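What follows is a single structure, written as structure tokens, with notes after it.
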Amino acid sequence: AVIHAINVYLTGWAGFFRICTSGLERAMSNTDAHIRRRLRAILLRHWKTKRTIARRLIHLGIKPRTAWRRVYEGCKSWWALSHDPAVDRGLRNAYFAERGLVSLLGRFRQAWEAIIAPAQLTLALEYERS
């Protein structure tokens, strides 16, 4: 439900900013990363307890020792834990792509390729020398 709402917003935003220059790619990439981190924090909050978080990370392919250690290490907020290496590996970009999250950078590149004219073709001419 959250991803669908974000997709609606991002699609409109990408449509509005598609006329921008190609130098904007870095900003789009940073925005994509921030959105994914925010979604990780939301997921961690939905999982509620550190025990559940560790179990879900193990289910997502993180080694049990690493998952338990990273989750219980120190007193981290949801936001700080959302950028922990174990959480980043467990909830990769592909995890959100499989659930339908639109990439702002991907949309921008698609629109940019449609706008840019193809490279001009050159004709090879043979000159006759006499």
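Okay, so the sequence shown: first residue is 1358 according to our numbering, each after it adds one. Virtual Cβ for every residue (Gly too), placed ideally from N, Cα, C. Predicted model only: the values in this text are computed from it and were never measured.
Which residues mark the beginning and the end of the alpha helix (DSSP H) in which residue 1456 is found?
-> Taken as a continuous stretch (DSSP letters only), residue 1456 belongs to no alpha helix (DSSP H), as it is neither H nor E.
Cα-Cα separation, residue 1389 to residue 1418 | 23 Å
Measure the CB-CB distance between residue 1453 and residue 1371 and report whether it falls below 8 Å.
-> no
Assumed close pair residue 1444, residue 1412 - CB separation to whole angstroms, cut-off 8 Å = Residue 1444 to residue 1412, Cβ: 13 Å. No contact.
Got a sec? Which residues, its chain only, sit under 8 Å from residue 1381 by beta carbon, not counting five neighbours each side?
-> The residues are 1374, 1465.
Determine the extent of the alpha helix (DSSP H) in which residue 1449 is found, giving its start and end residues.
-> Taken as a continuous stretch (DSSP letters only), residue 1449 belongs to no alpha helix (DSSP H), as it is neither H nor E.
Give the DSSP-derived three-state secondary structure of residue 1382 in the structure shown.
-> In the structure shown, residue 1382 adopts helical secondary structure according to DSSP, grouped into three states.
Give the DSSP-derived three-state secondary structure of residue 1433 in the structure shown.
-> Coil, per DSSP.
Mapping DSSP to helix, strand and coil, what is residue 1418?
-> coil
Boundaries of the alpha helix (DSSP H) in which residue 1440 is found, first to last residue = No alpha helix (DSSP H) holds residue 1440; DSSP gives it neither H nor E.
With a threshold of 16 other CB atoms inside 10 Å of the CB of residue 1447, please say whether the residue is buried or exposed.
-> buried
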